[in-house]
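These notes concern the structure reproduced below.
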Amino acid sequence: MVDYKEFDFPAELCCSPSPLIAIAGLDTVNNTIHRTIWDAFHSPIGRDSRAVLNFFHLTSEYKFPSLSEKRVMPYIPKGILKRNWLEKHIRYDPAVVVIFYDCDWNDESWNEKISECSSRVQSIRLSLEGRKSRIVVVLIQKLMPVVDDTITTERAASLCEACTLNPKALFILPIVDNIHGYAIRLENAFYDLAQNYYQQQIRSVKSKLENLSKTSHQYLIVRYSFKIGFYNELRQDHHNAHKHYHQCYMSLLEIRTFDTNIYEVKVVAAYIVYKISRLLFAMKRARDALTQFNSHINVFKSMIGPPELMFEHYSWLSKQFSMFASLFDETTAESFTATQALNPGFFFKEAADYAKKRKSSAHDICQDANVYPSSNPLKEWNNIEFYGQRPWRLMKTLNNLDFDTIEADGVQALKFYENTKVDHSKAIISFLGNAMKQFKHYKCPRMRNLIAVQMADEYYNAKDYSKALTLWSHMLWDYRDEGWEAIAHELVNKCLKCAYLTASVQNYVELNLEALKYYKNIDLQKALNNIGSIIQRKIPEPEKTLNEYEKNISMEEWQKCDFMRSKSVLEIDMSVTNSTVDTKVILKDVSCDGIEIDIFIKANFPILVQFSKLIACVTCIDNTYDVEVCTDSSKLIYGESKTHTYTCKFVPSPNDVGKEITVNSVKLQLGNEPDFPIVLKFYSSIKKTKSFEREMINFSLSKASDDEFERIKQITSTTLKPRSSRLGMEIKHKNPALLLEWYKVSICLTNLEDRPVSDVCLNFSLNRKNNEKVEHSTEICEDPDKNVLPLPVDFKLDSMPVGDQKTQSFYVRFSSLDTRYFQLMISYSIEDNNRTKIACVKDVEIIIDVNIVFDITVTYMSSKFEPVSKVYVNEPLIVMPNIKCLSPWPIFIENTSFQLAKHVNISAGGYQSVLNGVLLESDECASEVICITPSEFSENILGCFTINWKRANVESECKSGYSSIELPKIIVEKSTFLVDMKLPAHGWLHTPMSVVYFLHNNSESLLTLDVSMEANEAFMMAGHKDMNVTVLPESTYKLHFNLYPLVVGVSTLPKMHIDCTSEPNDFKHILNDVLVRSLQTQIYIMVSNIIAF
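End of the sequence shown sits at 1160 in our numbering; the numbers just go up one at a time, nothing left out.
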């Protein structure tokens, strides 16, 4: 038998057709430029806006498909659609042939180039064998073409004449950086030529179609309509393509069908509907596509054909639904929005249903077809000329065999193929898998569950029992949670069969335990016996619904299974099953002296069931306790619904004090070692309640017979409390703390226990009440001169005899004003009468408020002690920090300091603090002063001012602190001119005094100044009143004046006026500002000493 393939949708039908363009003349292997051109046509750059074309490389060895035989029209064809026609126009028969040729207009061997190009064109034209494909020539040139060049025009005309080429079919491709732009332009030109070619093909086919008769040429009408539709599809004209495909389909329905041609009609109809549906989805007409497909199915659903090939009809229907579901899925991913009631999942489900019918009919019809006919009727299946035709009819034509004989052999061959080669379960599972994915995507959980159950059924039929068990188990959980008791019962039976067939001991026991809830009488006793067989390490009895074959293979699996031999205990997680046993836990007294646990068990068995052991599993962070609650099997006999109560107590480890204690699970054991005991593990934190029960429990009209169990509220975890501490503790500190001081805290402990204590430890940490930033602004140490300790910190005090006292001191410093909440935990150990160490813990909260020490403001003043908002480079600036004490305690200032920036210098005379050793009470103020000079233009801060201080009261024992503030920013401008003066601090009446003016030129140009002095009545002046001064660049000019005071007291100095003749007018404003800021205007004149005789 040859490798026969059944009906399917071929690749040439399913692809999106686009105009075929043949590229000739490019050596993409050896020529890099040619390779760049080829890559440019296939580049993704701008693909969304580019024409969709299908390029293929036309080599010299390529042979075009042979032309179809010319027939006298009209004629009677042998079939409807030829198999090779679609592939020929998609891959082999180009609409446009593009010949690339390297040639520049100024090439020295121009005539030889024309001759060679012409021969290439003629060669390709001959190889086309009369096809109407468009031929174009593209000249690859290294230089950009020149517009309106006479030589270029003449040579282009001569080239077109030599190649018998339309001038519009000649293109130029210059090799430049932006080759993609030229490639896109060429693509648009090729696309237009291809459109013309396919339009001409459409006209040619239409002319043939007009001469046909609907009564005698139905096959040709369908064929030509299909061709016109496909040509329009190649032209990307979806509207006209759909129109002609629809006409083709309607013409096909008019064909009279017989057993000999019905399969061909159905195959062609399927292909046409595929094209129609794809186009409708592409045109955003999904509703029309659905209508068309439903109509198509209604028409052909009853066109079965020969009854002995019923399975082939179901296969065809299954492929129809699968095809449409795939198209529907592609469309919903792009534009159309599917719903829960209408989505691709329903069509995949229909495909699976028809695949099941195919499997059933194949089983009925083909089960005896075990011999392939000797005539080999399927050997010519790959050589048939038309879609959907039978290969043995071609043999009949060739060999003139008896029609009935070869037809019977063909049907027998199809039956044999269906019976021996087709994996029906694989196809059904594939369709169901796609359907389940769709229902999951569109949030249809119940449909998804239904499909999953059907898929598991098919896995079971395919004898893949492990996958069937996995799927059924998952669905059992869902149906059980929703309260579908009947469905859950049926799924338990199915799962039990799979678990037995796969010898899965774990699953088999879990399912038998759940089956106890549904089984009665004989089935119940059998389930219990099977569980007992597992405990005794024996093979359980087979499930009653298994056939002999399944029983044999299951026995082989159980004999090979070493699960029961390799393990000593089988533990069952009861959170994954719905059993007739439920547990609840209450933690009662929880302390170091002991933990008491109450365990409630509610069981509902139709008969008495005896367990062997009850264990509570208690966990802590570091320890695990298996507490034996009951080992007396006579107290572990359960029957009908009743609540049983058990109490146990155990002593935890002292290391678990302060940690969470949790009853993690409760274990009920069936059987004892050396048998194979089964342990039922009930997790106390997982309680399964059906969703419908949760919703309806409050509307119940009757109460359960035993609702005591339902009223029990579980307490499964709590914190282990320590032993109460008798250690005396006194905390000493002077609240509030001051910002950035080392604040002392002292802890005084006294042992008031009746025996010594050991391992005394103080743990100091931040409470959770604090903000996140507090941890980063808090420091702690035992000594400020030593390293800072990380929080939380432990202080070890070792042992303390009875009545002993110990004090632990430490210092904390705060860099923010947030209130601190500290947790002080003192832990120690004490021995009881049995010399067992018991941990004791005592917690205390310490609250420390933080206050600011000083309110510091900074004022900038000129040399005249007048406030300023800007300063010039090299101009003296007085900085005055004003300090106000906000501390509730007296503050002793140890010293103050300025940390100046690099561009700031201290003026002549230096700096000496005036606040060293000053004591400030609350709300008292003080001021510091310093004179600085900015040396360069800068927008940075001038520096920082720092005060080192400490509390004045010695009792606090707090260490020194500091307060620091950045000096505020001030505008520093670069001035080309500055004035300074030197005069005594005061004058004497009728005593001459000297005054010196310094004129500083900070610019790089010469300054010419007019200087004048305005006299007044308070002084007699010696010196030039009006003078012209020239100040060199980067230099200083001195002016000397002698003043003779005439008035006692505060006197106004003669006023200096300066005018600049060498600078623009804007400079006058700068001069006036500098004079006002820099020059002193008054001086105090004192009376001369009077000598008495």
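Ideal Cβ positions, reconstructed from N, Cα and C, are used throughout, including at glycine.
Taking a C-beta distance under 8 Å as the contact criterion, residue 923 and residue 997 do not qualify as a contact pair. For residue 594, the CB contacts under 7 Å within the same chain, skipping 5 residues up- and downstream, are 579, 582, 583 and 586 in chain order. Looking at the DSSP output, residue 831 bridges to 860 and 891. Between residue 1121 and residue 1080 the beta-carbon gap is near 5 Å, inside 8 Å, which marks them as a contact. Cα atoms of residue 292 and residue 134: separation of roughly 20 Å, rounded to the nearest angstrom. The DSSP-derived three-state label of residue 290 is helix.
For the beta strand (DSSP E) assignment, the uninterrupted runs of no fewer than 3 residues enclosed by the region 701–760 are, from N- to C-terminal side, 709–717, 727–737 and 745–750. In this structure the region 986–1005 does not touch the region 1042–1057; the number of beta carbon pairs closer than 8 Å is below three. Between the region 145–154 and the region 324–336, the count of C-beta pairs closer than 8 Å reaches three or more; the two stretches touch.
When DSSP states are grouped into helix, strand and coil, residue 795 belongs to the strand group. Taking each of 407, 1127, 1086 and 1056 in turn and checking the Cα distance to residue 1072, the smallest one comes out for 1127. Listed as beta-bridge partners of residue 912 by DSSP are 890.
Nearest to residue 433 by C-alpha distance, out of 404, 989 and 487, is 487. Counting the other CB atoms within 10 Å of its CB gives residue 399 a total of 16 or more, which places it among the buried residues. DSSP places residue 412 within a helical segment (H, G or I) once states are collapsed to three.
Beta-bridge annotation (DSSP): residue 1010 is paired with 967. Just so you know, the alpha carbons of residue 249 and residue 228 end up roughly 25 Å apart.
In the three-state reduction of the DSSP assignment, residue 595 falls in the helix class.
For residue 1038, the uninterrupted beta strand (DSSP E) run begins and ends at 1038–1040, by DSSP. Inside the region 617–675, DSSP marks whole beta strand (DSSP E) runs of 3 or more residues at positions 637–640, 648–658 and 661–670, from first to last along the chain.
By the Cβ rule, the region 1087–1106 counts as touching the region 1059–1067, because three or more pairs are nearer than 8 Å. Within 10 angstroms of the beta-carbon of residue 372 lie 16 or more other beta-carbons, which makes it buried. Of the residues assessed, residue 308 falls on the buried side of the cut-off, its CB having 16 or more other CB atoms within 10 angstroms. Note: residue 222 is not bridge-paired with any residue in the DSSP secondary-structure output.
Under the three-state reduction of DSSP output, residue 804 falls in the strand class. Residue 974 sits close to residue 999, with the two beta carbons spaced by under 8 Å. A residue is called buried when at least 16 other Cβ atoms come within 10 angstroms of its Cβ; residue 986 does not meet this threshold and is exposed. Our two residues, residue 989 and residue 1027, have alpha carbons roughly 18 Å apart in a direct line. Residues 1046, 1048 and 1123 of the same chain have their beta carbon placed closer than 7 Å to that of residue 1146, with the five preceding and five following residues left out of the count. Taking C-alpha positions only, residue 841 is separated from residue 921 by approximately 21 Å.
Within the region 118–191, the runs of beta strand (DSSP E) at least 3 residues long that lie entirely inside it are, in chain order, 121–125 and 163–169. The straight-line gap separating the alpha-carbon atoms of residue 367 and residue 428 is approximately 18 Å. With respect to the C-alpha of residue 239, the residue from 736, 230, 210 and 225 having the closest C-alpha is 210. One thing to note: residue 165 has its Cβ within 8 Å of the Cβ of residue 89.
A distance of 8 Å or more separates the beta carbons of residue 91 and residue 181. Annotated three-state conformation of residue 1057 is coil, per DSSP.
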